[in-house]
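Chains as they are written, first to last, in full-length UniProt numbering: chain A, 1 to 462; chain B, 1 to 462.
To keep things clear, I will list the structure first and then write my remarks on it.
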C-alpha cells in the first residue's frame with residue numbers, strides 16, 4: 001500500500017485531536033441521564049463518515065439510540081466490506097478511581113505506551129478502535145486506493161445489548177448485504193504479538209431482587225426471626241457455584257463443547273506469564289473452575305459473575321436494620337452452542353427454585369447474545385493475517401476471547417457472512433474500568449493496518 | 001397522683017407542638033453531613049430541661065456529640081432517679097419509601113392509632129419517649145410533686161454506639177450517682193398489654209471489605225479467571241450460618257445461657273399471633289434458628305444479620321464488570337454472658353480464616369455492647385409495675401427485648417445501679433424504618449405514667 005505510513009505520519013495530530021473531541025462526549029447508553037450526549041455523539045459520527053468519503057450517510061432511528069449508516073459503492077462486481085463499531089461507552093464509575101476525568105481525554109505516557117496513551121472512557125472500547133476505520137477510509141478515498149465497496153454500521157447500544165441493532169439487521173438484510181464483516185472491538189496479545197480473535201463468548205445478563213418483609217425492620221427486634229433478604233441473597237448466589245467453581249444450574253453445561261487435548265495444547269502455546277498476570281492485578285492467586293488454566297477459564301469455559309450487589313444501609317457509619325429488599329446484577333459468559341435465551345430461562349427457573357420460604361424472588365433478564373467462532377481458513381481471516389504481516393512483520397496468532405459481542409452471531413445468522421475481529425487494544429487498556437486508555441501507537445497502527453485488509457480481501461475474494 | 005390526667009389534658013397541644021419542633025431537627029449521628037443539626041438538637045434539649053425545672057443544666061462536650069446533663073436535687077436524703085435518653089436518630093433512608101418527609105412531622109390516624117400518630121424519624125426512637133420524661137418532670141416541678149432527686153443524661157450518639165457516653169460515665173461516677181436508672185427506649189406488647197423490658201441483647205457491629213484485583217475488570221476478559229470479590233463475599237457470608245441457621249463462628253455459643261423449660265414456658269404465655277405477625281410483615285413464613293420459636297429467636301437467642309451490602313455496578317442498566325472490592329455491614333445480637341468484644345474478635349478471626357486465596361479481607365469493628373437482664377423483684381421493677389397499674393389498670397408483663405441499649409450493661413458496671421426500661425412504643429411504630437411514628441395516645445400515656453414511677457420508687461425505696 002503506497003504511502004499509508006507517510007499519510008498517517010502527516011495527519012497524526014489531526015487523527016488524535018479528532019478522536020479526542022469524540023471522546024469528550026459522555027455517550028453512556030446505560031444511563032438515560034446522558035441521552036442528549038449519546039445523540040450528539042451519533043451525529044458527530046455521521047459527520048465524520050461523510051468527511052471520510054462515504055457517498056451516502058444516514059442516521060437510522062430506532063426505538064433506542066440511532067444507528068449511523070454510511071456507504072461507498074464503487075463497483076457492484078467488487079466485494080463489499082461491512083464495518084461495524086459502536087459509539088456508546090460504559091458508565092465510568094467508580095468515578096473517584098480515575099486519575100483524570102473520564103470525559104476529559106489526556107495523553108499520558110505509560111510503561112507499555114512510551115509514545116503515550118489517550119486516557120478517557122471509550123478510548124479503546126470502542127470509539128478509538130471504531131475511529132481507526134473512519135480514518136483508514138479517509139486515507140483510501142483521498143488517495144483513490146479504496147479497492148472495493150464499503151459499508152459502515154456504527155451503533156449506540158452495544159454496551160446495553162444491541163437490542164435495536166438486532167431488529168435493524170433483521171429488517172435491512174439487502175441494505176447490509178456484504179461479503180465480510182470487519183470489527184475492531186477486541187484486543188491483541190501484545191504490541192509485538194499481533195493476534196486475531198477467532199472466538200467470542202455469549203452472554204446472559206440478569207438482575208435479581210429478593211424481597212423479605214414489606215418494610216425495613218429494626219435488626220434487634222426482628223433479627224433472627226424473619227428472613228433477611230441480604231443473608232438469603234448471599235446464600236442463593238453462593239449456591240450457584242460449587243466448591244470446584246462449577247456452575248450448579250441444572251442443564252447449564254449441556255451444550256458446552258469440550259475442546260480436544262490437541263486444541264487445548266495449541267491454546268497453551270500463546271505467550272502467557274501467570275506471574276505477570278497476578279502482578280498486574282496485585283493478587284496472590286488466580287481463582288476459577290477446577291481443571292482448567294487461566295486462559296481456558298476466560299475463553300473456552302462459561303462463567304458466572306456478580307457484576308453488582310446492593311441492599312440495606314450502605315452509608316457512613318452503622319444502621320441496625322434488616323432491609324426489605326436486596327438486589328444483584330449477575331452475568332454469565334457463555335461458549336459457542338450455549339443458547340443465551342435457554343440459559344437465561346434455566347437460571348431463572350433454578351434461582352426461583354432455591355429461594356427459601358419467607359422471601360419472594362424476581363429475576364429480570366437484561367440482555368444477552370450467542371457465542372461465536374470464526375474459522376482460520378476463511379478468506380477474511382487470511383486477508384487479516386496478511387494485513388498484520390504487512391504492518392507488524394509477523395503472522396498474527398489466532399485466539400479465543402472471553403468477551404462478548406452478541407451481535408456477531410446474529411450477523412452470521414441474518415447476513416450469512418463471517419465476521420473478522422481485528423483488535424488493536426491491549427488487556428492493560430482497562431476497558432470497562434477506571435482509567436481506560438488506548439495507546440497512540442496502537443491507534444495509528446490500526447489505521448495503517450486496516451487498508452491492507454481491504455487490499456488483500458479484495459485480491460483473495462473470488 | 002393528683003391532677004396529672006387533667007394537667008396532660010390541659011397542655012396536650014403544647015406537649016405535641018414542642019415534640020414536633022424537636023423532630024424537625026435531622027440529628028443523624030451516623031452521617032457527619034448533619035453535624036450542625038445534631039448540635040442544634042443538643043442545645044434545644046438543654047433548653048427544654050431548664051424549662052422543665054432542672055436547677056442546673058450543662059452541655060458536656062465529648063470527643064463526639066455533647067451529652068446534655070440536668071439535675072434537680074431537692075433533698076440529699078431522698079433517693080435519686082437518673083433518666084437516660086438520646087436525642088440522635090437513625091438515618092432515614094430508604095428515603096423514597098417515606099409517605100411524608102422524615103423531618104417534617106405530621107400527625108396521621110392509623111388503625112392502631114385512631115387518635116393519630118406523629119410520623120417522623122425519631123418520633124418513637126427516642127426523641128418522643130425521651131421527651132415524655134421532660135414533660136413529666138415539668139408536671140412534677142410545676143405542681144410541686146417531685147418526690148425525690150432527679151438527674152437527666154441525654155446523649156447524641158446512641159445510634160452509633162455511645163462510645164463517648166461510656167467514657168463520660170466512667171469519669172463522672174460521683175456526678176451520676178443514683179439509686180435507679182430510668183429509660184424509655186423500648187416498646188410494650190400492645191396498647192392494652194403494658195410490659196416492662198427485663199432483658200436486652202448485646203451487639204457486635206462490624207464492617208467487612210473484600211478486595212480482589214487492584215481495579216475493576218471487564219467481566220468478559222477476566223470472568224472465571226480471577227476471584228470476584230462479590231461472589232467471594234456472598235460465599236463467605238453464606239458460610240456464617242448453617243442449614244439450621246446456627247451461627248458457625250467457632251466459640252460463638254460458648255457462653256450462651258440455655259433457658260430452662262420452665263422459663264421458656266413462661267415466655268410462651270405472652271400474647272402472640274404468628275398469623276398477625278406474618279400478615280403485618282407480608283411474609284409467607286418466618287425464618288430462623290431451628291428449634292426455637294419466633295419470640296425466642298428475637299430475644300433469648302443470638303443472631304447474625306447483614307445490615308448492608310454493596311459492590312460493583314448498582315446503577316441503571318447493565319455493566320459487565322468485576323469489581324475490585326465488595327463490602328458488607330454485619331451485626332450480631334448477643335445474649336447475656338456473651339462478651340461483645342470477645343465475639344467481635346471471634347468473628348474477625350473466623351471471617352479472615354475463611355477467605356479464599358486470591359482476595360484480601362479487612363474486618364473493621366464499628367461498635368458493640370453487652371446484653372443485660374434486670375430482676376423483677378427489684379424495687380425499681382416493682383415501682384414501674386405499680387405505675388403501669390395506676391394508669392393502665394393492669395399489671396405489666398415482664399418481657400425480654402431483642403434490641404440492644406449497650407450502655408445499660410455499662411451503667412450497672414460503672415454506676416452500680418439497675419436500669420428500669422419503661423417503654424411506651426409499639427412494634428408497629430417502624431423505628432429504624434421508613435415512616436417511623438409514635439402514637440399520640442402512647443406519648444401522653446407515658447407522660448402520665450412516669451410521675452407514678454417516681455412516687456412509688458420513692459415510697460418503696462428504703
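Every residue, glycine too, gets a C-beta built ideally from N, C-alpha and C.
Inside the UniProt domain "Peptidase M20 dimerisation" (199-358) of chain A only - beta strand (DSSP E) runs reaching at least 3 residues: You should have 202-211, 303-312, 325-334.
_Neighbouring residues, chain A, relative to residue 433(B) (Cβ below 8 Å)_ = In the second chain, the residue the question calls residue 433(B) occupies position 433. Those are 215, 216, 217, 218, 321, listed as they occur along chain A.
(Q) Does residue 451(B) come out as helix, strand or coil in the three-state DSSP assignment? (A) Within the second chain, residue 451(B) is the residue found at index 451, counting from 1. In the structure shown, residue 451(B) sits in a helix (DSSP, three-state: H, G or I).
My assumption, with CB atoms under 8 Å, is that residue 325(B) sits in contact with residue 307(A). Please give the rounded CB distance.
Looking up residue 325(B) in the second chain gives position 325. Looking up residue 307(A) in the first chain gives position 307. Taking C-beta atoms under 8 Å as the contact rule, residue 325(B) and residue 307(A) fail to qualify, at a distance of about 14 Å.
Quiz item: Which one of 361(B), 28(B), 83(B) has the shortest CA to CA distance from residue 450(B)?
Solution: Walking along the second chain from the start, residue 450(B) turns up at place 450. When each option's Cα is compared against that of residue 450(B), the closest is 83(B).
Where does residue 419(B) land, buried or exposed, given buried means 16+ other C-beta within 10 angstroms?
-> Taking the first residue of the second chain as 1, we reach residue 419(B) at position 419. Around the beta carbon of residue 419(B), a 10 Å sphere encloses 16 or more other beta carbons of the protein chains shown; the residue is thus reported as buried.
Exercise. In this structure, does DSSP put residue 133(A) in helix, strand or coil?
Worked result: As a working note, residue 133(A) is residue 133 in the first chain. Shown here, residue 133(A) sits in a helix according to DSSP, grouped into three states.
Residue from 297(B), 177(B), 11(B) whose Cα sits closest to the Cα of residue 80(B) | To locate residue 80(B), count along the second chain from 1; it is residue 80. Nearest of 297(B), 177(B), 11(B) to residue 80(B), Cα basis: 177(B).
For residue 241(A), count the other beta carbons within 10 Å of its own beta carbon; 16 or more makes it buried, fewer makes it exposed. Which is it? Numbered from its first residue, the first chain carries residue 241(A) at position 241. Per the 10 Å Cβ criterion, buried.
*Give me the Cα-Cα distance between residue 361(A) and residue 355(A), rounded to the nearest whole angstrom.*
Taking the first chain and counting its residues from 1, one reaches residue 361(A) at position 361. Taking the first chain and counting its residues from 1, one reaches residue 355(A) at position 355. C-alpha separation (whole angstroms): 7 Å.
Unbroken beta strand (DSSP E) run spanning residue 366(B), endpoints: On the second chain, position 366 is the one that residue 366(B) refers to. Start and end: 360-369.
Residues, ordered as in the chain, of the stretch 360-371 of chain B that lie near chain A by beta-carbon distance below 9 Å | Taking a C-beta cut-off of 9 Å against chain A, the contacting residues of the stretch 360-371 of chain B are 360, 366, 367, listed in chain order.
Check your understanding: Cα-Cα, which of 220(A), 160(A), 226(A) is closest to residue 287(B)?
Key -> The residue labelled residue 287(B) in the question sits at position 287 within the second chain. Nearest of 220(A), 160(A), 226(A) to residue 287(B), Cα basis: 226(A).
- request: Output the boundary residues of the alpha helix (DSSP H) element that contains residue 41(B).
  value: As a position in the second chain, residue 41(B) is number 41, starting the count at 1. Counting along the chain, the alpha helix (DSSP H) containing residue 41(B) begins and ends at 35-51.
query = Just checking my contact of residue 381(B) with residue 374(B) at CB under 8 Å: how many whole Å lie between their CB atoms?
reply = For this step, residue 381(B) is matched to residue 381 along the second chain. For this step, residue 374(B) is matched to residue 374 along the second chain. About 6 Å; that satisfies the 8 Å criterion.
- request: Report yes if the CB atom of residue 161(A) is closer than 9 Å to the CB atom of residue 42(A), and no otherwise.
  value: On the first chain, position 161 is the one that residue 161(A) refers to. On the first chain, position 42 is the one that residue 42(A) refers to. Not in contact: residue 161(A) and residue 42(A) (Cβ atoms no closer than 9 Å).
Quiz item: On the three-state DSSP scale, how would you describe residue 195(A)?
Solution: As a position in the first chain, residue 195(A) is number 195, starting the count at 1. In this structure, residue 195(A) counts as strand in the three-state DSSP scheme.
| query | Taking any Cβ of chain B, which residues in the stretch 21-48 of chain A have a Cβ under 8 Å from it, in chain order? | reply | The residues in question are 29, 30, 31, 32.
- Query: With 16 other CB atoms within 10 Å as the buried threshold, where does residue 95(B) fall?
  - Reply: Counted from its first residue, the second chain places residue 95(B) at position 95. It counts as exposed.
Original post:
Would residue 333(A) be called buried (16 or more neighbouring beta carbons within 10 Å of its own) or exposed?
Top reply: The residue you call residue 333(A) lines up with position 333 of the first chain. Buried, by the Cβ-count rule.
Exercise. Rounded C-beta distance between residue 359(B) and residue 212(B)? I'm assuming under 8 Å.
Worked result: Locating residue 359(B) in the second chain gives position 359, where the first residue counts as 1. Locating residue 212(B) in the second chain gives position 212, where the first residue counts as 1. Right, the Cβ-Cβ distance comes to about 5 Å (below 8 Å), so this counts as a contact.
- [ ] Using 10 angstroms around the beta-carbon of residue 411(B), count the other beta-carbons present and answer buried if the total reaches 16, otherwise exposed.
- [x] Numbered from its first residue, the second chain carries residue 411(B) at position 411. With 16 or more other Cβ atoms from the protein chains shown falling within 10 Å of its own Cβ, residue 411(B) counts as buried.
* So with Cβ pairs under 9 Å, would you call residue 400(A) a contact of chain B? -> Walking along the first chain from the start, residue 400(A) turns up at place 400. False, the Cβ-Cβ gap to chain B never drops below 9 Å.
* Flag this pair as touching only if the stretch 425-445 of chain B and the stretch 110-122 of chain B have three or more C-beta atom pairs under 8 Å; answer yes or no. => Three or more pairs of CB atoms, one per stretch, sit closer than 8 Å, so the stretch 425-445 of chain B contacts the stretch 110-122 of chain B.
query = Closest by CA to residue 279(A), which one among 335(B), 15(B), 214(B), 146(B)?
reply = Locating residue 279(A) in the first chain gives position 279, where the first residue counts as 1. The residue with the shortest Cα to Cα distance from residue 279(A) is 214(B).
Given residue 45(B), which residues of its chain have a CB within under 6 Å of its CB, disregarding the five upstream and five downstream residues? Sequence index remark: in the second chain, residue 45(B) carries index 45 (1-based). Setting aside the 5 residues that flank it on each side, residue 45(B) is surrounded in the same chain by 68, 87, 154, each with a C-beta closer than 6 Å to its C-beta; the list follows chain order.
Quiz item: From which residue to which residue does the beta strand (DSSP E) around residue 72(A) run?
Solution: On the first chain, residue 72(A) is found 72 positions in, with the first residue counted as 1. Looking at the DSSP string, the run of the beta strand (DSSP E) that includes residue 72(A) is 67-72.
Q. Does any heavy atom of the ligand ADP sit closer than 8 Å to the C-beta of residue 322(A)?
A. Absence of the ligand ADP from the depicted structure is noted, as is the absence of any ligand whatsoever, leaving it without description.
- Message: Tell me whether the stretch 300-314 of chain B and the stretch 189-208 of chain A touch, counting them as touching only if at least three CB pairs, one residue from each stretch, are closer than 8 Å.
- Response: Not touching, per the Cβ criterion.
Query - Within chain A, partners of residue 90(B) - CB distance below 7 Å - result: Position 90 of the second chain, counted from the start, is the residue given in the question as residue 90(B). Under the 7 Å cutoff, chain A gives 319.
* Please look up how many angstroms separate the CB atoms of residue 328(B) and residue 180(B), rounded, as I've assumed it's under 8 Å. => One-based indexing of the second chain puts residue 328(B) at position 328. One-based indexing of the second chain puts residue 180(B) at position 180. Contact doesn't hold; Cβ gap of about 40 Å is too wide.
For a contact defined as C-beta to C-beta under 9 Å, what are the partners of residue 237(B) on chain A?
As a working note, residue 237(B) is residue 237 in the second chain. Close partners of residue 237(B) in chain A (Cβ separation under 9 Å): 230, 231, 234, 235, 238.
*In terms of DSSP beta bridges, what is residue 400(A) paired with?*
Position 400 of the first chain, counted from the first residue, corresponds to residue 400(A). DSSP lists 199(A) as the beta-bridge partner residues of residue 400(A).
query: Between residue 138(A) and residue 61(A), is the Cβ-Cβ spacing less than 9 Å?
result: Walking along the first chain from the start, residue 138(A) turns up at place 138. Walking along the first chain from the start, residue 61(A) turns up at place 61. Residue 138(A) is not a Cβ neighbour of residue 61(A), given a cutoff of 9 Å.
Review point. Could one say the Cβ of residue 303(B) lies closer than 9 Å to chain A's Cβ atoms, at least one of them?
Key: Locating residue 303(B) in the second chain gives position 303, counting from the first residue. Taking CB atoms only, residue 303(B) has a neighbour in chain A less than 9 Å away.
Less than 9 Å between the beta carbons of residue 404(A) and residue 395(A), yes or no? Numbered from its first residue, the first chain carries residue 404(A) at position 404. Numbered from its first residue, the first chain carries residue 395(A) at position 395. With contacts defined by Cβ atoms closer than 9 Å, residue 404(A) and residue 395(A) do not form a contacting pair.
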